[in-house]
Each structure stands twice: as structure tokens, then as C-alpha cells.
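Here it is, written out as C-alpha cells:
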């Protein structure tokens, strides 16, 4: 009846996604406090920062300080994001502390590529070819292809699933040229266009085209559909999701001020655990970290569960 | 593969649910403004007020003024809620303007019955028996059984689907005694305990027990699951939903200050329309009314779509 997995892998991106969009400034110590608290919840994968130009994203000017100073917890992989050679160089300085892994990052929407990256799709392909070669040179593995705007675009409208398949195929050509093996295809609903049937169509077509590759979903809750979309993905056997505690984040280049951010980690965890899909996360501890995140950013976060409370706490009180 | 309906019936409860929980006071004219604006969106069923004791719910002290003064739009049914004889008497004064319809309102959780109604389940059954007789006497149809806390309870924990079935059976006994025919079973997730698999189990068991009765869902977004739950209901063929514009509302007796309210009408509409399930609602007009509702209550409402914007507007801009 369904391909529901027995467990999923959650990649927590709250620190990176969240602090990138906040007007800030968020003190370095608070960023570290959040990263260290997330590591105590059972989450195993935490993206801690973005090595991005301080001119473009001033809130990550302290990326080096954050990475240098946070205390690692054994068994957890800490990752970072970068977009160009300079970012990679900065990340390489921390290759002992961070798990560095590159991606061939493409966008299914030409219009969004131009808005977000200020280049054409063809230019972006060329940039990714160069970047992948550089990763290989530096010994940084490249195992994933990311497709942004895979379900629709505020600037281009609907995106055909065939366009997503075509974009992945272009990424695989780059991988083949550079001699890297892609194990994972990451589909991002960067601007919140997905609905469950669209998840089913796109994931279905991608899975049919490359049945041996792992699919991961990066969902945004811009229009309130993220949990329903995660549910659709789970039932198609998707076993890896990105999310952010409290629903931190959002796309600074989507042209929607005030819109919600990523799918909340806690709602993803609740959805899974109530269905018997293991996440390894202690939901009540995670909600405490969500409250800490609200305190750090100084405003309520969009997570409903953060304000509604974990079922297990009510179950215990009722028992 | 699924029992997805071709269209659904939405019962907008924003005015009634929303203003009941707001600290207020909300001016009568604003309540009327919202009701009249909702009637211009394509919604066909609007619950306009609660005839409840002004001592218990001060924000509905002006129910009579609201009902007397709003302008009706042809083709729309306007309804009201009441909980006892006094409320019914007040509603009867407006039987020409309102579509009066009673329900046998029960709760699957004894603990919630006590918190919410200050009586035992047995006492509530007896009260409903008397109230149903009174409805019959007054010529007010009673066609529905409502079950609150049908998916779980903050005070009692998980609710077994068998308990929901038992509660409905008790309601049907009352209906039989009073000679009324029940066509609809309304399942309410009053405190946001439902998840998609639980919707499937409860709706599945209720549908198996009474295959000829219509099932409607009253969902709350307390823990962010409402849209996913609606999706699960749709796929089981549920064709009637209660909802509130902007996600107004919430349960004042659930003990969760700051928790989200009902499923947002606009997110329900987007989910349906993107799947080809007709709602009759003009989503962009509805979002305008959502913004009016935010202005009236004086704070942001939990709807994400209200802040993310309708896809069609972006589609047109991109074309």
C-alpha cells in the first residue's frame, strides 16, 4: 500500500537557514548555543553555517568564529554550505571539524537562477562544472545533485516534472565529466509551490528515471503545505529530509517578506513518530530548543507544534 | 487508488470561532464586515455567531446585533451555534435569516466533557436527549451527530477509534428515541491530536460502521498537522470540512494559550484546487478577507498562505 520507511534521516538546517534571513545581528554566542542544544536532541546532522560573502549575507560574517568555537558532540556530523571557490576555501580550513560534502546545485527555473544567482542556467551549469572539478581537486566528495524550485517558482510559475528530470540529467552529465558518483538527488521546494499530488508526480518521475538514487526533500512551508508534502514524500519512500527547528528560515530571494520558512523539524518529527517512522529525536527536548530559538531571534517562529506542545507531555499528564 | 471527491463543501466558521477566542472587544460593525466579505468569496456556508452566555463568552454578547444587521447574499446559508435551551430560543428569533440546524453534540473524552461542559458524559447524553426533543418540538431539524476530541484529548490522552464509534452509537440511540434521522457524522479534532494515519483509522472505522452517512471533519491546526489531515480525509472521500479564514479560532478550553486555531480556509482551498477538487472559492478574494480579519483582530493570523500569497497571482505575474 505504501513505501513508508521505518526510519528517516533529518538534516537540521536551522542555524544556517535561520540566521541567514533574520535581520539580526545574532550574537555569535547565541548561534553556538543553538547548535550545541540541537546536538542534545537526538538529531545527527546539523548544518552550522554558510560560508557566504559577508556583503551578501551580513548575518554570516562570523561563520569562522561559530565553527571554531562550537563544541562537537560525538556521533554527529556537522556540515556547512558554500556557493563558490571562496566559500569552499573558507570551509576547507575546518575540514577536521566539519563534514565537507559538495553538491551540484542547479535550479529548475531559469528565472529563479537569474534572481538568486544573477546568472543564466547555462552559466550556472558552467559554474557547477568548474566547482565540481575544484571539489575533486581539493578532495571534497560530491555525492548529490540539488534542484531548487523543483515544484514551482514565484518568478516562472509551474515547473514541469520533465524540467526537473532534465535538470538532474544535466547535473549527472557534469558528474560524469568530473568523475564523481552521485548517490542522492535533493529536490527543493524553495518557494513553497508543492502540494501532495505534485510531490507524488515529481518524486515519482525522478524515482522512475533513477530508481537507484536516494531522493531527499527540502520543503518550505510558505503556503502551509509542508507537512502534507512531507507525508506524501514519506509514503513514496523518501527517507531523507532537510528541516529547521521552529520553522526558522525562508528564502531571502523569493520576494515574499513575512512568508514562513522551512518545514519545522518538530512537526516533521511528530508526523513521523506518530506513524511509527523513527527519527531518533527527542521531541520534547527539541521543543525546548525551539523556544530557545524564538528567544534568540526575538520573535515567535511559525511552528504550530512549538506552541501547541508535544502529545507525549499531555499523554503523561493524562495518565 | 483513492476516493478523492470532485468537490467539497466548506463550512466557514471564522466569525463564530474566531471572535469567540479573541480578547477583543471586536466592534459589531467589524464582525458584520467580515461576514459580508466572506460571502463575496464563493463560500456558501457561513457560521455567523454563537448564541452563548455573555458571561461565559463576553465576545458574543452582541450576537443578536450581528445577526440582525448583516446583509444576506442570495444563495448562501448562514448558520449559528448554540449549546442550550436559552441559546436555541435566541436563535429561533432569527429563523427567517439563519438556517437553523441542531446537532447531537457529544465528546469522545469524558475528561474534556467535564472541562468544557462541566458535566459527565452521562449527564451530557441526558442533556442532548432533552435538547434534541426540544429541537423537534420547535421544528428545528437535527441531522448531525458531532463528536469532539475524536482523535485525542489534552486531558485524557489518546482516544481509541472504538470509543468514537461507541459515542456515535450513543448519539444514534438518542436520535432514534427522538425520531430524528441523522445524515452526517462530524468528527472534531478539537485539540489537534490527529495525524494522517489516525484520520484514516477513525474515518475508516466510522465509515465502515455507517457507510451511508456523510462524514465531515472539523480540524484544528494546534500542532501543524491540519492540512495533512485534510489531505488524508479527502483521499478517504470526505467531502465536507469546517474551516476558518486565516486560521482564526482555537479552543478556549483546551488549556493551550497561544496555540493555533482551526484549519485555515485558504490553505484547505489551495490544497483542494491544486488537486482538482472544486471548492467554489476565489482564493485571491479569500486572502483579501484574511488580511481584513488580521486587521480586525489586530495581530497576524496563523495562516501561512495568507503571508505566502496565492499561486495564481504568481502564475499570472510570471506568464
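Residue numbers (the numbering used here), protein chains in the order written: chain A, 58 to 376; chain B, 58 to 376. Note that CB positions come from ideal geometry on N, CA and C, so glycine has one too.
Closest by C-alpha distance to residue 256 of chain B, out of B:297, B:162, B:207, is B:207. Taking 9 Å as the Cβ-Cβ cut-off, the stretch 333-362 of chain B approaches chain A at 333, 357, 359, 360, 361, 362, given in chain order. For the C-beta of residue 281 of chain A, the chain B residues within less than 7 Å are, from N- to C-terminus, 284, 321, 324, 360, 361, 362. Taking C-beta atoms as the reference points, residue 202 of chain A and residue 163 of chain A count as a pair closer than 8 Å.
Taking each of A:268, A:266, A:74, A:325 in turn and checking the Cα distance to residue 282 of chain A, the smallest one comes out for A:325. Beta-bridge pairing by DSSP links residue 241 of chain B to B:201, B:271. The three-state secondary structure of residue 110 of chain B, taken from DSSP, is coil.
For residue 289 of chain B, there is no enclosing beta strand (DSSP E); the enclosing alpha helix (DSSP H) covers residues 283-292.
For residue 105 of chain B, the three-state secondary structure derived from DSSP is strand.
Taking 8 Å as the cut-off, the beta carbon of residue 304 of chain B is found no closer than this to the beta carbon of residue 351 of chain B.
Distance from the CA atom of residue 285 of chain A to the CA atom of residue 191 of chain B, rounded to whole angstroms, is 42 Å. Below the 8 Å Cβ cutoff, chain A contributes 214, 215 as neighbours of residue 372 of chain B, in chain order.
When Cβ-Cβ separations below 8 Å define contact, residue 365 of chain A makes contact with chain B.
Scanning its chain for C-beta atoms nearer than 7 Å, with the 5 sequence neighbours on each side dropped, one finds around residue 270 of chain B the residues 239, 240, 241, 242, in chain order. With fewer than 16 other Cβ atoms inside 10 Å of its own Cβ, residue 113 of chain B counts as exposed. Contact between the stretch 128-146 of chain A and the stretch 96-113 of chain A is present: 3 or more CB-CB pairs across the two stretches fall below 8 Å.
Taking residue 262 of chain B as the centre and dropping the five residues before and after it, the same chain places the C-beta of 218, 219, 221, 222 closer than 8 Å to its C-beta, in chain order. At a cut-off of 8 Å between beta-carbon atoms, residue 181 of chain A makes no contact with chain B. Checking the DSSP bridge columns, you'll see residue 250 of chain B has no partner listed. Comparing alpha-carbon positions, the option among A:287, A:371, A:362, A:349 lying closest to residue 66 of chain A turns out to be A:287.
Check the Cα spacing between residue 301 of chain A and each of A:73, A:367, A:154, A:97: the tightest is with A:73.
Non-local C-beta neighbours of residue 353 of chain B in its own chain, meaning closer than 7 Å and more than five positions away in sequence, comprise 83, 87, 91, ordered along the chain. Of all alpha-carbon atoms in B:145, B:236, B:165, the one lying nearest the alpha-carbon of residue 158 of chain B is that of B:145. Here DSSP, grouped into helix, strand and coil, assigns residue 68 of chain B to strand. The Cβ-Cβ distance between residue 244 of chain B and residue 62 of chain B does not fall below 8 Å. Residue A:298 holds the alpha-carbon nearest to the alpha-carbon of residue 334 of chain A among A:184, A:317, A:298. One Cα belongs to residue 133 of chain A, the other to residue 171 of chain A, and the distance between them is close to 35 Å. Every unbroken stretch of the alpha helix (DSSP H) spanning 4 or more residues and falling wholly within the stretch 109-181 of chain A is given here in chain order: 120-126, 142-149, 167-174. Spatial neighbours of residue 70 of chain A in its own chain (CB-CB distance under 6 Å, excluding positions within 5 residues in sequence) are listed in chain order as 104, 299, 301. Close to chain B, meaning a Cβ-Cβ distance shorter than 8 Å, are the following residues of the stretch 158-175 of chain A: 168. Taking all protein chains shown into account, residue 336 of chain A has 16 or more neighbouring C-beta atoms within 10 Å of its C-beta and is therefore buried. Within chain B, no C-beta atom comes nearer than 9 Å to that of residue 84 of chain A; the closest sits roughly 26 Å away. Looking at the DSSP output, residue 298 of chain B bridges to B:67, B:274. Contact with chain B is found for residue 288 of chain A, since one of that chain's Cβ atoms lies less than 8 Å from the residue's Cβ. Among the residues of chain B, none has a CB under 8 Å from the CB of residue 122 of chain A; the nearest is roughly 33 Å distant. Shown here, residue 214 of chain B sits in a strand according to DSSP, grouped into three states.
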